[in-house]
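K.L.:
Here our numbering is used: the sequence shown runs in plain steps of one and ends on residue 552.
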Amino acid sequence: DNTDTVLVDPGTYFENINFMGKKPLVVASQFILDGDTNHITNTIINGSQPLDPDKGSVVTFESGEDTTSVLCGFTITGGTGTFIEEAGNARFGGGVFIVSGGKLLNNHIEYNTITNNDWTAGGGVCANGPFVPQPWVVLRGNIIRHNKSISINNQALGGGIECWYNLIMIGNKISYNEAKGKIRGDGGGGRISGNFGPIKVDIRNNLITHNKAVSLSDMTDIVISGGLDIFYNISGNVSNNVISYNETEVPNGRWTYGAGAMVEEITVDDFIFENNLIIGNKSISGNCLGGGLCIFDGNGIFQNNAIQNNNGSHGGGIGIGYNAAHQAVLINNTITGNSGNYGGGLFTTSANAVVINSIIWGNTAPTGTSIYTTGSTLEVRYSDVEGDAVWPGEGNVNCHATFLEDGYHLSDTCQLVEKGIASILINGNIYNCPTYDIDGEGRPMNNFPEIGADEVLMVSVAEPMSPNNLSLNIYPNPASGIITIELTGAATEMMGDVSIIGITGKELLRQQVTGPKMEFNVNALPAGIYFIKLITNDQNAALKVGRFVKR
2 DNTDTVLVDP
12 GTYFENINFM
22 GKKPLVVASQ
32 FILDGDTNHI
42 TNTIINGSQP
52 LDPDKGSVVT
62 FESGEDTTSV
72 LCGFTITGGT
82 GTFIEEAGNA
92 RFGGGVFIVS
102 GGKLLNNHIE
112 YNTITNNDWT
122 AGGGVCANGP
132 FVPQPWVVLR
142 GNIIRHNKSI
152 SINNQALGGG
162 IECWYNLIMI
172 GNKISYNEAK
182 GKIRGDGGGG
192 RISGNFGPIK
202 VDIRNNLITH
212 NKAVSLSDMT
222 DIVISGGLDI
232 FYNISGNVSN
242 NVISYNETEV
252 PNGRWTYGAG
262 AMVEEITVDD
272 FIFENNLIIG
282 NKSISGNCLG
292 GGLCIFDGNG
302 IFQNNAIQNN
312 NGSHGGGIGI
322 GYNAAHQAVL
332 INNTITGNSG
342 NYGGGLFTTS
352 ANAVVINSII
362 WGNTAPTGTS
372 IYTTGSTLEV
382 RYSDVEGDAV
392 WPGEGNVNCH
402 ATFLEDGYHL
412 SDTCQLVEKG
422 IASILINGNI
432 YNCPTYDIDG
442 EGRPMNNFPE
452 IGADEVLMVS
462 VAEPMSPNNL
472 SLNIYPNPAS
482 GIITIELTGA
492 ATEMMGDVSI
502 IGITGKELLR
512 QQVTGPKMEF
522 NVNALPAGIY
532 FIKLITNDQN
542 AALKVGRFVK
552 R
């Protein structure tokens, strides 16, 4: 296929390598031959001994490379970044520095640190440069961890990743990275920016966890996003990511934005942030607009997200600010268990936002348990908002949302089933709910969509109910290996067949049962929602239906 491949044996190589404009070219460990991840950990490029200290990036793409220039299956470590005087005495790309384009597949990019008096960008990976049109970068299947971007007297950007180019970023694990600057820390896990012109992104199926953005000096301006910062001139999708346990830190009285994720200055109409789990992010100190997610001065569709157990002073779950000239659209989100001082679930200031088919329940704040809004246009429809009264707006309810153990999949008995709306006209604009839920399953499953991120398939039962009032208890739920199905109610024995049914109605497993409970091994089932059917030998008994989630 005319692609040159350089195959590298296991070992530790103290080198700083440059692709020198070669394309197509694949530089790979033996991982590319057999998929054995031991080759990744045992084939190490250590860039800690550069011949020129100003060229301390471990791997560099700087001479017109593109996505046919591939680095695959290495541990990249010990990098100190490349100094660029023309960029304001900045230092870029501790592990990998991409000036043109490139593709990084299945690498461990770890323990690289860039430290500089002036600004820094991309402790693990940096892709930037004044190219028009913007090149493409692909990051797929990498582990990017324990990297640092440190500015002694200025801004530190992108602890793990800094990218100003078109980006495909799929299936990476980005953890324990840090951006720390005297004036600003921005994007502990990663920062994606359209500073050099409009860019497109496809960011999905990544784990972004335990990263940090920090600035603790008396010169601190702001700190932005411990996890992921999406900034300016960007279109595309950010979907199916887990953004969890990231932190921001500033001196008391200063501000942080989006401890988990920040979406700012998006002015296009085709940016979608969907199907993400945003869990356990927090601001350690200072004020924070949006503990889980901050939407700042821009547009965007935010749908099918579960935002749980985050903490931020102004909007524990979500903070929306200073986008009065734009509009943030929030549809079918579940916002629970978050905490703050103002607006435990949602805080808006000088904002324009629409909230539809969403759950804002079980959040805490001294002022505005669920929602606190100031100087904003906020329209809420067909949503469950906890409070002393029903939040104003068509179709809104105030009822206790009941979930499965994960806190965002609805229980079968939840009152929010079929309480949503498929399409609605608000102030002259039509808004449609997404045609799928957080699991990618069809919406609606029944006559009307649910409120929240999850859809529930309600199975009608034609048979008469048993006089014994059978009921099934299924645990653990969600499950990963063995599930127990136990009969509850007046009856104490099950006599009949138990089946596991997939979401399409196909029977996947079946076995006979006698006694009060039984076990099923569901380890081989793919992740998803499944149904339990019990048909008792008593012809007068009902077909019983239960539901569980396979992790």
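Every residue, glycine too, gets a C-beta built ideally from N, C-alpha and C.
Determine the DSSP secondary structure at Thr335, reduced to helix, strand or coil.
P.N.:
Within the sequence shown, residue 335 is the residue found at index 334, counting from 1. DSSP places Thr335 in strand when its eight states are reduced to three.
K.L.:
According to DSSP, Asp203 sits in a beta bridge with which residue or residues?
P.N.:
Here residue 203 corresponds to residue number 202 of the sequence shown, with the count starting at 1. In the DSSP output, where bridge partners are listed per residue, Asp203 has Ile169 and Asn238.
K.L.:
Would you grab the beta carbon distance between Phe62 and Ser101 for me? Rounded to a whole angstrom, and I think it's under 8 Å.
P.N.:
If you number the sequence shown from 1, residue 62 lands on position 61. If you number the sequence shown from 1, residue 101 lands on position 100. About 6 Å; that satisfies the 8 Å criterion.
K.L.:
Tell me, which residues are paired with Val514 by DSSP?
P.N.:
Locating residue 514 in the sequence shown gives position 513, counting from the first residue. DSSP output for Val514 lists Gly497 as bridge partner(s).
K.L.:
Whose CA, out of Val514, Ile46 and Ile501, lies closest to the CA of Ala525?
P.N.:
Numbered from 1 along the sequence shown, position 524 holds the residue referred to as residue 525. For the residues Val514, Ile46 and Ile501, the minimum Cα distance to Ala525 belongs to Ile501.
K.L.:
Quick one: grab the DSSP three-state call for Leu526.
P.N.:
To locate residue 526, count along the sequence shown from 1; it is residue 525. Of the three classes helix, strand and coil, the one that applies to Leu526 here is coil, per DSSP.
K.L.:
What whole-angstrom Cβ distance do Cys129 and Glu179 have, given they're in contact under 8 Å?
P.N.:
As a working mapping, residue 129 is identified with position 128 in the sequence shown. As a working mapping, residue 179 is identified with position 178 in the sequence shown. The sequence given here places Asn at residue 129; Cys does not occur at that position. With 8 Å as the limit, Asn129 and Glu179 do not qualify as a contact, their Cβ atoms being about 19 Å apart.
K.L.:
Can you give the Cα-Cα distance for Gln50 and Asp187, rounded to whole angstroms?
P.N.:
Translated into positions along the sequence shown, residue 50 becomes position 49. Translated into positions along the sequence shown, residue 187 becomes position 186. Rounded to the nearest angstrom, the two C-alpha atoms are 28 Å apart.
K.L.:
Mind checking Leu511: buried by the 16 CB within 10 Å criterion, or exposed?
P.N.:
The count along the sequence shown starts at 1 and reaches residue 511 at position 510. The question names Leu, but residue 511 is Arg in the sequence shown. By the 10 Å Cβ count, Arg511 comes out exposed.
K.L.:
Quick check on this structure: which residue in Ile267, Tyr258 and Thr221 has the alpha carbon closest to the alpha carbon of Val239?
P.N.:
Along the sequence shown, read from residue 1 onward, the residue named residue 239 stands at position 238. That would be Ile267, whose Cα lies nearest to the Cα of Val239.
K.L.:
Leaving out the 5 sequence neighbours to the left and right, which residues in its chain are closer than 8 Å to Ser371 when beta-carbon positions are compared?
P.N.:
Indexing the sequence shown from 1 puts residue 371 at position 370. Gly344, Gly345, Gly346, Leu347, Ile361, Trp362, Asn364, Val386, Glu387, Gly388 and Trp392, listed in sequence order.
K.L.:
What's the gap between the Cα of Thr6 and the Cα of Asn107?
P.N.:
Counting from 1 along the sequence shown, the entry for residue 6 is found at position 5. Counting from 1 along the sequence shown, the entry for residue 107 is found at position 106. Going by the C-alpha atoms only, they are around 16 Å apart.
K.L.:
Between the C-alpha atoms of Ala91 and Ile153, what's the straight-line distance to the nearest angstrom?
P.N.:
Numbered from its first residue, the sequence shown carries residue 91 at position 90. Numbered from its first residue, the sequence shown carries residue 153 at position 152. Looking at the two C-alpha atoms, the distance is approximately 12 Å.
K.L.:
Over the uninterrupted alpha helix (DSSP H) stretch that includes Leu347, give me the two end residues.
P.N.:
Start at 1 with the first residue of the sequence shown, and residue 347 comes out as number 346. Per DSSP, Leu347 belongs to no alpha helix (DSSP H); it is in the beta strand (DSSP E), Leu347 to Thr350.
K.L.:
Would the C-beta of Ile501 count as close to the ligand NAP, meaning under 6 Å from any of its heavy atoms?
P.N.:
Ligands in the displayed structure: none, and consequently the ligand NAP is not present.
K.L.:
With DSSP as the reference, please indicate the residues paired to Trp1 in a beta bridge.
P.N.:
For the chain, the structure presents residues 2 to 552; residue 1 sits outside this window and is missing.
K.L.:
When you compare the stretch 472 to 482 with the stretch 440 to 451, are there three or more beta-carbon pairs, one atom per stretch, that lie closer than 8 Å?
P.N.:
No, the stretch 472 to 482 is not in contact with the stretch 440 to 451.
K.L.:
Ordered along the chain, which non-local residues of its own chain (more than five positions away) have a Cβ less than 6 Å from that of Gly547?
P.N.:
Residue 547 sits at position 546 when you count from the first residue of the sequence shown. Cβ neighbours of Gly547 beyond the five flanking positions: Leu473, Ile475 and Ile533.
K.L.:
Taking just the CA atoms, how far does Gly429 sit from Asp440?
P.N.:
Residue 440 sits at position 439 when you count from the first residue of the sequence shown. Residue 429 sits at position 428 when you count from the first residue of the sequence shown. Answer to the nearest angstrom: the Cα atoms are 31 Å apart.
K.L.:
If you drop the 5 nearest sequence neighbours on each side, which residues of the same chain put their C-beta closer than 6 Å to that of Gln309?
P.N.:
Working through the sequence shown from its first residue, we reach residue 309 at position 308. Taken in chain order, the residues that qualify are Ile280, Thr337, Gly338 and Gly408.
K.L.:
Taking DSSP as the reference, what is the three-state secondary structure of Asn433?
P.N.:
Locating residue 433 in the sequence shown gives position 432, where the first residue counts as 1. In the structure shown, Asn433 sits in a strand (DSSP, three-state: E or B).
K.L.:
If you run the structure through DSSP and keep just helix, strand and coil, what is Thr83?
P.N.:
Against the sequence shown, residue 83 aligns to sequence position 82. Three-state result, Thr83: strand.
K.L.:
Distance check for Pro517 and Ala542, CA to CA, integer angstroms please.
P.N.:
Within the sequence shown, numbered from 1, the residue matching residue 542 stands at position 541. Within the sequence shown, numbered from 1, the residue matching residue 517 stands at position 516. Because Ala542 carries a pLDDT of 44, less than 50, the predicted location of this residue cannot be relied on, and no value is offered for it.
K.L.:
Quick check: Leu535 and Val499, are their CB atoms within less than 7 Å of each other?
P.N.:
Translated into positions along the sequence shown, residue 535 becomes position 534. Translated into positions along the sequence shown, residue 499 becomes position 498. Yes. Within cutoff.
K.L.:
In this structure, does DSSP put Thr78 in helix, strand or coil?
P.N.:
Taking the sequence shown and counting its residues from 1, the one referred to as residue 78 is at position 77. DSSP places Thr78 in strand when its eight states are reduced to three.
K.L.:
To the nearest angstrom, report how far apart Val126 and Asn311 are at their CA atoms.
P.N.:
Residue mapping note: residue 126 aligns to position 125 of the sequence shown, counting from 1. Residue mapping note: residue 311 aligns to position 310 of the sequence shown, counting from 1. The straight-line gap from Cα to Cα measures roughly 27 Å.
K.L.:
Which word fits Arg382, buried or exposed, when buried means at least 16 other C-beta atoms lie within 10 angstroms of its C-beta?
P.N.:
Taking the sequence shown and counting its residues from 1, the one referred to as residue 382 is at position 381. Arg382 comes out buried.
K.L.:
Is it true that the stretch 155 to 173 meets the stretch 135 to 144, where meeting means three or more beta-carbon pairs spaced less than 8 Å apart?
P.N.:
The stretch 155 to 173, when compared against the stretch 135 to 144, does touch it at the 8 Å Cβ threshold.
K.L.:
Checking 7 Å against the spacing of the C-beta atoms, do Ile244 and Ala260 come in under that value?
P.N.:
Counted from its first residue, the sequence shown places residue 244 at position 243. Counted from its first residue, the sequence shown places residue 260 at position 259. No, these two residues do not count as a Cβ contact at 7 Å.
K.L.:
Which word fits Ser58, buried or exposed, when buried means at least 16 other C-beta atoms lie within 10 angstroms of its C-beta?
P.N.:
To locate residue 58, count along the sequence shown from 1; it is residue 57. Classification for Ser58: buried.
K.L.:
Within 10 angstroms of its Cβ, does Gln156 collect 16 or more other Cβ (buried), or is it exposed?
P.N.:
Position 155 of the sequence shown holds residue 156. Buried, since its Cβ has 16 or more Cβ neighbours within 10 Å.
K.L.:
Report yes if the C-beta distance between Gly195 and Tyr233 is below 7 Å; otherwise report no.
P.N.:
Start at 1 with the first residue of the sequence shown, and residue 195 comes out as number 194. Start at 1 with the first residue of the sequence shown, and residue 233 comes out as number 232. Closer than 7 Å, so yes.
K.L.:
Quick test of your reading: Ala528 and Lys551, contact by CB under 8 Å. State the CB separation rounded to the nearest angstrom.
P.N.:
Residue numbering aside, residue 528 sits at position 527 when the sequence shown is read from its first letter. Residue numbering aside, residue 551 sits at position 550 when the sequence shown is read from its first letter. About 5 Å; that satisfies the 8 Å criterion.
K.L.:
What span of residues does the beta strand (DSSP E) with Leu34 cover, start to end?
P.N.:
Start at 1 with the first residue of the sequence shown, and residue 34 comes out as number 33. Note, Leu34: premise wrong, no beta strand (DSSP E); alpha helix (DSSP H) at Phe32 to Asp35.
K.L.:
By a C-beta neighbour count over all protein chains shown, 10 Å radius and 16 as the cutoff for buried, is Pro561 buried or exposed?
P.N.:
Residue numbering for the chain in the displayed model covers 2 to 552; residue 561 lies beyond these limits and cannot be assessed.
K.L.:
Alpha carbon to alpha carbon, how far is Thr436 from Glu275?
P.N.:
Position 435 of the sequence shown holds residue 436. Position 274 of the sequence shown holds residue 275. Cα to Cα, the separation comes out at about 12 Å.
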